[in-house]
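Residue numbers (numbering that gives the first Met the number 0), protein chains in the order written: chain Z, 0 to 273; chain E, 0 to 463.
Glycine residues also receive a C-beta, built at the ideal position from the N, C-alpha and C atoms.
In this text the structure is predicted, and so the values were computed from the model without any measurement.
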Amino acid sequence: MSAVRATSPAGAYAIELRNVNVYYGANLAVQNVNLNIQRQKITAFIGPSGCGKSTVLRSLNRMNDLIAGARVEGDVIYNGQNLYAPNVDAVEVRRRIGMVFQKANPFPKSIYDNIAYGPRLLGIRGKKQLDELVERSLKGAFLWDEVRNDLKKSGLALSGGQQQRLCIARAIANEPDTILMDEPCSALDPIATQAIEELMQELVKKYTIVIVTHNMQQAQRVADFTAFYSIRKEVLPDGKDKRWGVLAEYGQTQQIFEHPASEETERYIGGEFG
Amino acid sequence: MATEIRDPKTMSTVEMMKDEALFRQGLRARHRRGTLWKRFFQLALAIAFLALIALFFNIVNAAFGYIIENYAVDPQTLAPDGDLSALSEEALVDILLTNQSNRLPVYIRDYLFAGDASQFTSQPMYQALPNATLPEGTADLTVRDLTPEQQAQILIDNMDQRQLVSVVEAQVVSPSVLKTYSLMESIFNRAAIEQEYQEQFAAQGAVLRFYSWVNIDFITSPMSSNPAATGVRTAIQGTLWVVVLTILIAFPIGVGAAIYLEEYSSHEENSLTARISRIIETNIRNLAGVPSIIYGLLGLAIFVRVLSDITGGRTIISASLTMALLILPVIIINAQEAIRAVPSSMRDGSFGLGATRWQTVYKIVLPSALPGILTGTILGMSRAVGETAPLIIIGASTFILTDPSGPLSKFTVLPILVYNWTSRPQQPFRDAAAAGIIVLLIILLILNATAIIVRQRARRRLAS
Chain Z
0 MSAVRATSPA
10 GAYAIELRNV
20 NVYYGANLAV
30 QNVNLNIQRQ
40 KITAFIGPSG
50 CGKSTVLRSL
60 NRMNDLIAGA
70 RVEGDVIYNG
80 QNLYAPNVDA
90 VEVRRRIGMV
100 FQKANPFPKS
110 IYDNIAYGPR
120 LLGIRGKKQL
130 DELVERSLKG
140 AFLWDEVRND
150 LKKSGLALSG
160 GQQQRLCIAR
170 AIANEPDTIL
180 MDEPCSALDP
190 IATQAIEELM
200 QELVKKYTIV
210 IVTHNMQQAQ
220 RVADFTAFYS
230 IRKEVLPDGK
240 DKRWGVLAEY
250 GQTQQIFEHP
260 ASEETERYIG
270 GEFG
Chain E
0 MATEIRDPKT
10 MSTVEMMKDE
20 ALFRQGLRAR
30 HRRGTLWKRF
40 FQLALAIAFL
50 ALIALFFNIV
60 NAAFGYIIEN
70 YAVDPQTLAP
80 DGDLSALSEE
90 ALVDILLTNQ
100 SNRLPVYIRD
110 YLFAGDASQF
120 TSQPMYQALP
130 NATLPEGTAD
140 LTVRDLTPEQ
150 QAQILIDNMD
160 QRQLVSVVEA
170 QVVSPSVLKT
180 YSLMESIFNR
190 AAIEQEYQEQ
200 FAAQGAVLRF
210 YSWVNIDFIT
220 SPMSSNPAAT
230 GVRTAIQGTL
240 WVVVLTILIA
250 FPIGVGAAIY
260 LEEYSSHEEN
270 SLTARISRII
280 ETNIRNLAGV
290 PSIIYGLLGL
300 AIFVRVLSDI
310 TGGRTIISAS
320 LTMALLILPV
330 IIINAQEAIR
340 AVPSSMRDGS
350 FGLGATRWQT
360 VYKIVLPSAL
370 PGILTGTILG
380 MSRAVGETAP
390 LIIIGASTFI
400 LTDPSGPLSK
410 FTVLPILVYN
420 WTSRPQQPFR
430 DAAAAGIIVL
440 LIILLILNAT
450 AIIVRQRARR
460 RLAS
């Protein structure tokens, strides 16, 4: 069971993707992604709608397994271990690699129970341990001061930004190494967005973060590295389009935004399409 | 606004869109149409409401009103103020002894003997009444060899006072209802009733009184062939037994099937399993529309006949299993809808934290779906309470005096009793049937209210 963590040589990269193809049923969604995600850095995935950036993100913690018909080819290597090897349990992967979703999705439970959800899944029941864990996680998500007196209140009673920070606190309660964020700010106002971005800058001191974003300024503000995905198109003999995503360019954020290697990247960043 | 109205046919689409007069004209027509529909909806509601009122009126009209009653023995002569329930067991048995000493063995048989009635008189007492307290020296005798005093002693020792009161009321006082009047007649036609009573019935010593067919005695007495003394106790108990067992069987199976279909079947590795699940799902939807009598035939064939060694034949458990089959589709479909209504973001959140599928179902999906699941259960329960046809087919007793004591007892239920009474020629039985319907409705309301309270609790727990 400890396959995911035991073989963790202090490699240079947190996650390495090698020749990753993702299919939904018979349709190719993303083709041949090769990407090295740096430890304790923020990596942003950008690109137009339908380019497969969320699909790649979800393949990093095997969330795609939950979609009927989804299939991942190639290797996703995490701490030296291929996550898609037959002896790896997806449940363990998701517990090591946390995820924050586009729409804040606190459970219809109290704030306390939301945070304690992950530890309780593992069978941790002791009130003292849980109390301590809840406090540490909420502090880690900069939410403690706002909710410390309302831990019994429903997570759904919080504002949108607070809900998203609750979801982040819930994820870090699991003590993951890596946190995946799928457009975490797309439903938030600028002030709440700023709070999340500040939080990310703090979290990256401990965790590797991968974030999907539609907001180019956000990528520029927070990300150390940026991966730009694009769409390839082929017209089939019957006249229909076949579209799939590819990783078009990857590098340091500054380089991607200031000296993009390809014209396509430049046009996207310049707001010409997407 | 005196714009001239032009013929729309001569206008271009842009002109039509911009034409003020045309717009106003159209707007009036649109509002008119809307109002017309609104009137129709109101009418529909009014008709539904009237139908309900008519139904209620019909039942209440029959269940209350004047009756003219005659007694074989006037209760006033038996007890002070005619109040039999104040008498002791000994006094009650004494009344039986003086009035009907030759019928005591019949009461022993009806109330204390559990076996085949035709065998009763030939068995020695210790065998016929193995659990009863018997007077000394009577154990080896048959009931015919006992003196009336010994028989009376058996009644005193083994029946409680309430049972004895009902025996005396039904058998000695033996009220017979000569004529009944509806509530409407009783209210608006009192003088005519009074006159009819004086002319035709007063001379026989009959009594005219206002009578509620729903009363304590009606609820606490077993059935009787005398409409004035009949009651619904056995049927109430039968109904409760059947409904509770039905829910206990159908709820876990139905919710389990719904969970599998919604949460597991589409993720089966084996595509054959997934395909079979889809076929089953389609069939469940069709099963919900199958006439209940067909479930009765199924229950008769399987639970009453084939499994008779386990179910004991025409028993409560057979009825509950049949009813459970009948309401399973309702529970499954509603539970499926409720489970499907749980946002997938909740499941993603749970899986993303490293929950297994079962943990996600148990901790996230089921609590959120519970109110909806309970709604389906309430619907199923209401159906089980009111359903008659399948129980008639599987052979619920139409006349039974002993209360059900467990899942393997013979039984009857309220709807069957009501059905049975309404098909009798005597008017008093139809009035008793109306009272039975009122009792049935009250039970239904109590069961539903309980379920709704449970559901509200679940909702509130989710919201807080």
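Residue burial classification, residue i (beta-carbon count within 10 angstroms, cutoff 16)
i	result
GLU15 (chain Z)	buried
GLY255 (chain E)	exposed
ASN285 (chain E)	exposed
LYS126 (chain Z)	exposed
GLU468 (chain E)	This structure gives no information on residue 468 (chain E), because the portion of chain E shown stretches from 0 to 463.
ASP430 (chain E)	buried
MET16 (chain E)	exposed
ILE178 (chain Z)	buried
THR6 (chain Z)	Caution is warranted here: a pLDDT of 42 is assigned to THR6 (chain Z), below 50, making its placement in the model unreliable, and the coordinate value is therefore given only provisionally. Exposed, by the Cβ-count rule.
ALA448 (chain E)	exposed
GLN118 (chain E)	exposed
PRO189 (chain Z)	exposed
GLU233 (chain Z)	exposed
ILE451 (chain E)	exposed
GLY139 (chain Z)	buried
Boundaries (first-last residue) of the alpha helix (DSSP H) holding residue i
i	result
SER136 (chain Z)	126–139
SER53 (chain Z)	52–58
VAL242 (chain E)	232–258
ARG266 (chain Z)	262–268
THR421 (chain E)	413–421
ARG346 (chain E)	343–351
GLN149 (chain E)	147–157
GLN162 (chain E)	160–166
Contact list for residue i against chain E, beta-carbon separation under 7 Å
i	result
ALA67 (chain Z)	SER265, HIS266
GLY274 (chain Z)	Nothing about residue 274 (chain Z) can be read from this structure; chain Z reaches only from 0 to 273.
ASN173 (chain Z)	LEU352, GLY353
Listed by chain order, chain Z residues near residue i by CB distance under 8 Å
i	result
ALA368 (chain E)	Those within 8 Å of ALA368 (chain E) in chain Z number zero; the least Cβ separation is about 11 Å.
GLN358 (chain E)	LEU120
LEU461 (chain E)	PRO107
SER344 (chain E)	PHE100, LYS102, ASN104
GLY114 (chain E)	Result: empty, since nearest Cβ-Cβ is about 56 Å, beyond 8 Å.
Helix, strand or coil at residue i [DSSP, three-state]
i	result
LEU54 (chain E)	helix
ARG231 (chain Z)	strand
ASN26 (chain Z)	strand
ASP18 (chain E)	coil
ALA127 (chain E)	helix
GLY136 (chain E)	coil
LYS362 (chain E)	helix
THR387 (chain E)	coil
MET0 (chain E)	At MET0 (chain E), the pLDDT of 48 sits below 50, so the modelled position is not reliable; the number obtained from the coordinates is stated separately. Coil.
VAL19 (chain Z)	strand
THR141 (chain E)	strand
LYS36 (chain Z)	Per the sequence shown, residue 36 (chain Z) should be read as Ile rather than Lys. DSSP places ILE36 (chain Z) in strand when its eight states are reduced to three.
ASN225 (chain E)	coil
GLN194 (chain E)	helix
HIS258 (chain Z)	coil
ASN269 (chain E)	coil
TYR12 (chain Z)	strand
ASN214 (chain E)	coil
Interface partners of residue i on chain E, CB under 8 Å
i	result
GLY97 (chain Z)	GLY351, LEU352
PHE44 (chain Z)	Simply none; closest approach about 17 Å.
ARG94 (chain Z)	LEU352, GLY353
PRO62 (chain Z)	The residue asked about is misnamed: residue 62 (chain Z) is Met in this sequence, not Pro. In chain order: ASP347, PHE350, GLY351.
For residue i, the first and last residue of its enclosing beta strand (DSSP E)
i	result
VAL176 (chain E)	175–179
GLU68 (chain E)	63–69
GLY97 (chain Z)	96–99
ILE41 (chain Z)	41–45
ILE209 (chain E)	Residue identity check: residue 209 (chain E) is Phe in the sequence provided, not Ile. Note, PHE209 (chain E): beta strand (DSSP E), 206–211.
LEU246 (chain Z)	240–251
ILE76 (chain Z)	69–77
- Unbroken beta strand (DSSP E) runs of length 3 or more, entirely within the region 71–102 of chain E: which are they? Entirely contained in the region 71–102 of chain E, not one beta strand (DSSP E) run reaches 3 residues.
- Query: Which ranges would you report for the beta strand (DSSP E) in the region 152–224 of chain Z if only whole runs of at least 3 residues count?
  - Reply: For secondary structure counted as the beta strand (DSSP E) over 3 or more consecutive residues, the region 152–224 of chain Z holds these complete runs in sequence order: 177–181, 207–211.
- Uninterrupted beta strand (DSSP E) stretches inside the region 289–324 of chain E (no shorter than 3 residues): For the region 289–324 of chain E, not a single whole beta strand (DSSP E) run of length 3 or above is found.
- Message: Which residues of the region 362–395 of chain E have a Cβ closer than 8 Å to any Cβ of chain C? Give them in chain order.
- Response: Chain labels in this structure do not include chain C; the protein chains are Z and E.
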